[in-house]
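*Asks:* Chains A and B, in that order, give the protein sequences. Take 411 as the starting number for the first sequence in the working numbering and just add one per residue. Take 174 as the starting number for the second sequence in the working numbering and just add one per residue.
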Amino acid sequence: MSGDGRIVLDGRPIPYRSGDSVAVAVMRAGEHPQHGGTVCLAGDCGNCVAEVDGIAYTRTCQTPARPGLVVQRHPAAGAPPLRAARQIDVTTAPPAGRIPVQRIEADLVVIGAGESGTAAATNARGQGRSVTLLDARDGEEVVGIYAGPTVIVRTPKGMAHIHARDVVVATGAAELHPVCPGNGLIGLVTARAAEQLHTAGVDLGVSVAIGSPPSGVPCTPVGGSLRRIEGVGRVSAVVTVDDDGEGERTTACETVIVGLGRAARTVLWRMADDLPVTVVGPAAQSFPLPEAPTAGTVCPCSRVDVDDLVGVWERGFQDLELLKRAALVGIGTCQGSACLPHLRAFIAERSTAIPEPFTARPASRQITIAEAAAGVHVDAFRRTALHDEHVALGAQMDRFGGWWRPWHYGDHVAEYWAVREGVSLGDVSTLGKLVVSGPDAVEFLERLYPTGVGDIRVGRSRYALLLNDGGHLIDDGMILREAETRFVLTFTSAGAGHAEMWVRDWAETWGLRVHLLDRTMSLAAINVTGPLAGRLLERVGLPSPPRFLQHVHAEVCGVPCHVMRLSFTGEVSFELHHAVDRSVELWRALMAAGRDLGIAPHGLQALQGLRLEKGHVIVGMDSELDSTPRRLGMEWAVKMDKPDFVGRTALARTAGLPDPRRLVGLTMPGSAPTEGSPIWSDRQIVGHVSSSFASPLLGHAVMLGWLKRTPFPDEVMVDGRSAVAVAPPFYDPEGGRARA
Amino acid sequence: MPALETLPGLRIVASPEALDAAPWSAGTVVLRFAPDDAFAIGATAVDIADDHAIVAEESGFVGRWLTREELDDRLVTHIEWPLPTALPALAQGLIAGVPAKLWLTTDRVLLLCAAAYAAELADRLG
Chain A
411 MSGDGRIVLD
421 GRPIPYRSGD
431 SVAVAVMRAG
441 EHPQHGGTVC
451 LAGDCGNCVA
461 EVDGIAYTRT
471 CQTPARPGLV
481 VQRHPAAGAP
491 PLRAARQIDV
501 TTAPPAGRIP
511 VQRIEADLVV
521 IGAGESGTAA
531 ATNARGQGRS
541 VTLLDARDGE
551 EVVGIYAGPT
561 VIVRTPKGMA
571 HIHARDVVVA
581 TGAAELHPVC
591 PGNGLIGLVT
601 ARAAEQLHTA
611 GVDLGVSVAI
621 GSPPSGVPCT
631 PVGGSLRRIE
641 GVGRVSAVVT
651 VDDDGEGERT
661 TACETVIVGL
671 GRAARTVLWR
681 MADDLPVTVV
691 GPAAQSFPLP
701 EAPTAGTVCP
711 CSRVDVDDLV
721 GVWERGFQDL
731 ELLKRAALVG
741 IGTCQGSACL
751 PHLRAFIAER
761 STAIPEPFTA
771 RPASRQITIA
781 EAAAGVHVDA
791 FRRTALHDEH
801 VALGAQMDRF
811 GGWWRPWHYG
821 DHVAEYWAVR
831 EGVSLGDVST
841 LGKLVVSGPD
851 AVEFLERLYP
861 TGVGDIRVGR
871 SRYALLLNDG
881 GHLIDDGMIL
891 REAETRFVLT
901 FTSAGAGHAE
911 MWVRDWAETW
921 GLRVHLLDRT
931 MSLAAINVTG
941 PLAGRLLERV
951 GLPSPPRFLQ
961 HVHAEVCGVP
971 CHVMRLSFTG
981 EVSFELHHAV
991 DRSVELWRAL
1001 MAAGRDLGIA
1011 PHGLQALQGL
1021 RLEKGHVIVG
1031 MDSELDSTPR
1041 RLGMEWAVKM
1051 DKPDFVGRTA
1061 LARTAGLPDP
1071 RRLVGLTMPG
1081 SAPTEGSPIW
1091 SDRQIVGHVS
1101 SSFASPLLGH
1111 AVMLGWLKRT
1121 PFPDEVMVDG
1131 RSAVAVAPPF
1141 YDPEGGRARA
Chain B
174 MPALETLPGL
184 RIVASPEALD
194 AAPWSAGTVV
204 LRFAPDDAFA
214 IGATAVDIAD
224 DHAIVAEESG
234 FVGRWLTREE
244 LDDRLVTHIE
254 WPLPTALPAL
264 AQGLIAGVPA
274 KLWLTTDRVL
284 LLCAAAYAAE
294 LADRLG
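(1) Measuring alpha carbon to alpha carbon, tell me which residue in A:GLY634, A:ARG602, A:ALA601, A:GLY597 is nearest A:GLY641.
(2) From the DSSP output, in three-state form, read off A:SER617 for me.
(3) So A:GLU515 contacts chain B; which residues on that side make the cut at Cβ distance below 8 Å?
(4) Based on the DSSP output, what are the partners of A:THR560 in its beta bridges?
(5) Ordered along the chain, which non-local residues of its own chain (more than five positions away) have a Cβ less than 6 Å from that of A:LEU543?
(6) When DSSP labels each residue in this structure, what does A:ASN937 get in the three-state scheme?
(7) Can a CB atom of chain A be found closer than 8 Å to the CB of B:VAL202?
(8) Going along the chain, which residues of its own chain have a beta-carbon closer than 8 Å to the beta-carbon of A:CYS967, five neighbours each way excluded?
(9) So, is A:LEU607 buried or exposed, given that buried needs 16 or more other C-beta atoms within 10 angstroms?
(10) Less than 8 Å between C-beta atoms, sequence neighbours within five positions excluded: which residues of the same chain meet that for A:SER774?
(11) What residue ranges within the stretch 774 to 830 of chain A form continuous beta strand (DSSP E) runs of no fewer than 3 residues, ordered along the chain?
(12) Considering only residues of the same chain and omitting the five flanking positions on each side of A:VAL616, which have a CB-CB separation below 6 Å?
(13) For A:CYS709, which beta-bridge partners are listed by DSSP?
(14) Fully enclosed by the stretch 937 to 981 of chain A, which beta strand (DSSP E) runs are 3 residues long or longer?
(15) Go ahead and label A:PRO631 buried or exposed: buried means 16 or more other beta carbons lie within 10 angstroms of its beta carbon, across all protein chains shown.
(16) For the stretch 883 to 897 of chain A, which residues have a beta carbon sitting closer than 7 Å to at least one beta carbon of chain B?
(17) Please state the DSSP three-state secondary structure of A:TRP997.
(18) Grab me the residues of A:MET1078's own chain with a C-beta within less than 6 Å of its C-beta, minus the 5 sequence neighbours each way, in chain order.
(19) Express the C-alpha separation of A:SER431 and A:ALA584 in angstroms, rounding to a whole number.
(20) Please list, in chain order, all residues of the same chain as A:GLY558 whose beta carbon is under 8 Å from its beta carbon, the five residues on each side excluded.
(21) Whose Cβ in chain A lies nearer than 9 Å to the Cβ of B:VAL271?
(22) Is there contact here, the stretch 227 to 235 of chain B with the stretch 920 to 938 of chain A, by at least three beta-carbon pairs under 8 Å?
(23) Taking 7 Å as the limit between beta carbons, can you name the residues of its chain near A:ALA473, skipping five residues before and five after?
(24) Determine the direct distance from the alpha carbon of A:ASP789 to that of A:CYS458, and round the result to whole angstroms.
(25) For B:LEU260, count neighbouring Cβ atoms within 10 angstroms of its own Cβ and tell me buried if that reaches 16, exposed if not.
(26) Let me see if you follow: with CB-CB separation under 8 Å, is A:THR794 close to chain B or not?
(27) With 16 as the cutoff for other CB atoms within 10 Å, does A:SER993 come out buried or exposed?
(28) Taking only runs that begin and end inside the stretch 854 to 913 of chain A, name each unbroken beta strand (DSSP E) of 3 or more residues, in chain order.
(29) In terms of residue numbering, what span does the alpha helix (DSSP H) encompassing A:LYS355 cover?
(30) Could you say which of A:ASP454, A:ARG483, A:SER622, A:GLU731 lies nearest to A:ASP420 if we only look at CA atoms?
(31) Look at A:ARG870 and A:ARG891 and say whether their C-beta atoms are less than 8 Å apart.
(32) Starting from the C-beta of A:THR581, find all residues in its chain whose C-beta is less than 7 Å away, skip the five residues before and the five after it, and write them out in chain order.
(33) What does the Cβ neighbour count give for A:PRO504, buried or exposed, with the cut at 16 atoms within 10 Å?
(34) For A:TYR859, which option in A:ASP576, A:ASP653, A:MET1113, A:ARG1058 has the closest C-alpha, if you only look at C-alpha atoms?
(35) Tell me the rounded alpha-carbon separation between A:ALA904 and A:ASP886.
(36) When burial is assigned at 16 or more other CB atoms within 10 Å of the CB, is A:MET888 buried or exposed?
If you want it as structure tokens, here you go:
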């Protein structure tokens, strides 16, 4: 605690004394932390929450006063206003580590350092167990117990995530709040709060005590039961009745001190169902319920009155959990700490049994989003070795398939033309790359892929689908044969991780003699594409580039590369796979060597258009979870005369069945419709567009789209315009340019 | 956190028996990512008794040697899994949410991750 000083309350400085909490300082100034209601100063209720240094719903009774601390009371009605969200650049990773997190391993976590908790901790330490003892009075507020068990704690230094073998809840008992007319006035305190305030030297004025009186606090005990509290804004009198409900007495006062009994603090224990959590001390005791409330505010957090409860009850919500949901009682700041005993009493009076307390869930205390997210990281996105090159070239980077990739470099149409008419570089380092080697490599891949593998000659490659046992497409890529018993497989960028696991699973399942090495993050890859690509490679050390679907190992610009001749863009393409630490060197050398050829890099936006003109499918974008080769129009990639492969049984079984789904090519004049647009026929939606592109070369829009109703129409409506089905590819259907 | 630097070496996938028997020059740190998968830091060649072994030059990992004190001061708070106590040991998991590995010896620790994650890890470790 700091020494004497001043805090700022609603824009006005008020003094505090050494040891004051914010709530005590506010009450010392004759104010209320909110706008009324019983104050417990124990962190149980929500009657002292305010905005403190910009953080709303802060329990001021648990917040030490310090110089310059700014307190803004919540509005008397309604919630504090939300602050405008700060604009965040989504292309940059959010800052990490704003709220420090301490991770602790302990045999035992004891929550509550009162008598019971201290005894439990001492006993465990005596048995040689490591113990973490938490006390809310030291600012260590437990906000939840999760599976593990893991105890999440807000501490003065940040958040603590404690992984424990066992947890002891020794949180004691909370004082009951009064429920009667006038219980929202200023001037109501519990007995313990009165003791704290008196000890702190806060003048409570003319005070009366109802129930058990506080110790050492000057006050006048008033017998009987509390009927109501009178006053305008502040307490001016308390009205009590005899125990038989008769003999109403009014006692003038400025403060009403209530000692109405206690209720076990069980919220943490209740949220730890099926976890090794025990409860001890008063928190484990069963205290008598208060009398059933008849009038007044039951739930000050959600401002629910007894009349509200009665109304909900009469509509049939006569179970505690239902009552909670229907009346929104017990869901506010205190999570039922103030209202739960009264709710149970309310139901007990109207039924035959006392209901068990309702379910508790984290967080039991208000925490900020930053505190909740502390120690939790967003997904880590990978960067290719060329990341900084792209940024330096003005690329708009974005996240695709677990990688940061260039979407465009400022003008995707110019990039498109560089590919179609000149030469361009694309960073395809993100493609999956898996080496397969072993005496059973051919048999393994024959079983895995629906295409023929054994007839791929060394130095040649073949496009292949990867199917699951249902015959559904899960990925695609190339099979490249490097030696009789050695292959390189490529996969899509987004699917590489799953594909690798899929391949490994089958290798293990079949027990075949193959070794597998994932090279996805060890090898970078640059796609040199365009009609001038061959000329560029001739200049940089590859006088005889491989022919279509061939591949060679060669040095390009002095960098050892695995050069693969294939094409996704529809033009001559060479993928140069090479070590990641040589990638920048290779990229720069290629860019320099191709300068007079008009070389330019292309991003994903241009690439998606280029491949769409060729009708190439992007797995996951154009395919669905149950897309078969037939539905995709790719039966040519399946060799059903093979004895077996993954998915063959399903494909054979369904081959003769009618199938009302087909991926088709569509064209229409004008701009490209939004991907995902519905496809209409006869005023009905019959499918949707999966990819679309306004082709600069063709002068109209080209699309891939799913039709899901037979007979498949030849003419449809998309985006309010007429479109016609056209068998892809839309561009260079003979494939002469890629093979040139 | 000082920069993570490329860890050149050899990646070998071979039968566990062949890897167990492989002779390494003195001082070579060999990390067994799996029984059939090893990364020999600094190695440039290996004689491996497996005709179908995959032996590849590896430059896809970056790393940095740390003292045990640096591990405690800079990394432990970012690790949610228990560190092995029997040393030396290779541990693999998320560090600050990034896939990474630790080679722990009695007096020092090698932090390594795929080069593709280097910038992300460095950002998060600060």
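Glycine residues also receive a C-beta, built at the ideal position from the N, C-alpha and C atoms.
*Replies:* So, to answer that:
(1) A:GLY597
(2) strand
(3) PRO255
(4) A:TYR556, A:HIS573
(5) VAL520, ALA523, ALA531
(6) Strand.
(7) no
(8) VAL950, GLY951, GLU995, LEU996, ALA999, LEU1000, ALA1003
(9) buried
(10) VAL552, VAL553, GLY554, VAL677, LEU678, MET681, GLN745
(11) 806 to 810, 813 to 818
(12) CYS663, GLU664
(13) A:VAL714
(14) Complete beta strand (DSSP E) runs here, min 3: 961 to 966, 969 to 976.
(15) exposed
(16) Within the stretch 883 to 897 of chain A, the residues whose Cβ lies closer than 7 Å to some Cβ of chain B are THR895, listed in chain order.
(17) helix
(18) ALA1111, ARG1131, ALA1133
(19) Between A:ALA584 and A:SER431, the C-alpha separation is close to 19 Å.
(20) HIS573, ALA574, LEU685
(21) HIS787, ALA790
(22) yes
(23) Going by the sequence as given, residue 473 of chain A is Thr instead of Ala. SER431, VAL432, VAL462.
(24) 38 Å
(25) So B:LEU260 counts as exposed.
(26) yes
(27) Buried, by the Cβ-count rule.
(28) When DSSP assignments are scanned along the stretch 854 to 913 of chain A, the uninterrupted stretches of beta strand (DSSP E) that are 3 or more residues long and fall wholly within it turn out to be 871 to 877, 883 to 893, 896 to 901.
(29) Residue 355 of chain A is absent from the structure shown; chain A starts at 411 and stops at 1150.
(30) Answer by Cα proximity: A:ARG483.
(31) yes
(32) ILE521, GLY522, ARG675, LEU678, ALA693
(33) Residue placement at A:PRO504 is poorly supported in this model, since its pLDDT is 49, which falls under 50; the coordinates still yield a value, given next. Burial call: exposed.
(34) A:ARG1058
(35) 11 Å
(36) buried
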